[in-house]
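So for the sequence shown, this note's numbering puts the first residue at 143; every next one is plus one.
Beta carbons are placed, not taken as given, at the ideal position from N, Cα and C, and that holds for glycine.
Model, not experiment: these values are computed from the prediction.
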Amino acid sequence: GRETMSAASIPPSAVLLESVDSTMLLWLRDDRQIIGVLRSFDKFGNLVFESTRERFCADGMYADEPLGVFIVRGENIALVGELDSLEVPGCELVELETVKSLVQARREERTHREERRAAALKRQGLEVPVSEFGFGPFEK
């Protein structure tokens, strides 16, 4: 009989090979969204992007900050996928500083909230490591 491969048996590098030269969205473990053209990758899942930008989204608005060439260690990637469009449906493209300041304020708020929770747990005798990315087990 003819053998077929299940999706689970396809190596990730085979999927990435088909995506070289495609525009990709990366969602990093530190909650940043990166968009760029995939140029190369290695067996460790490290990726090289060109024409890269960081996307900031908040309150129905979005903006992109150009980054240029971007190298990402595989261990820092939470999600990666191809993009059909650079637009965000239902959101308005605005000036970078308008939305970037909102996103940064929310990240700082989340970090302070995590630090307060860790301190409260420590007072009760529980140790919770604070994430190096500014948020931990309590937040997405």
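The Cβ atoms of residue 230 and residue 199 sit closer than 8 Å to each other. Of the residues 189, 184 and 185, the one whose Cα lies closest to the Cα of residue 176 is 189. In the DSSP assignment, residue 168 forms a beta bridge with 176 and 222. A distance of 8 Å or more separates the beta carbons of residue 250 and residue 202. Assignment of residue 192 by DSSP, reduced to helix, strand and coil, places it in the strand class. In the three-state reduction of the DSSP assignment, residue 241 falls in the helix class. Residue 193 is a Cβ neighbour of residue 179, given a cutoff of 8 Å.
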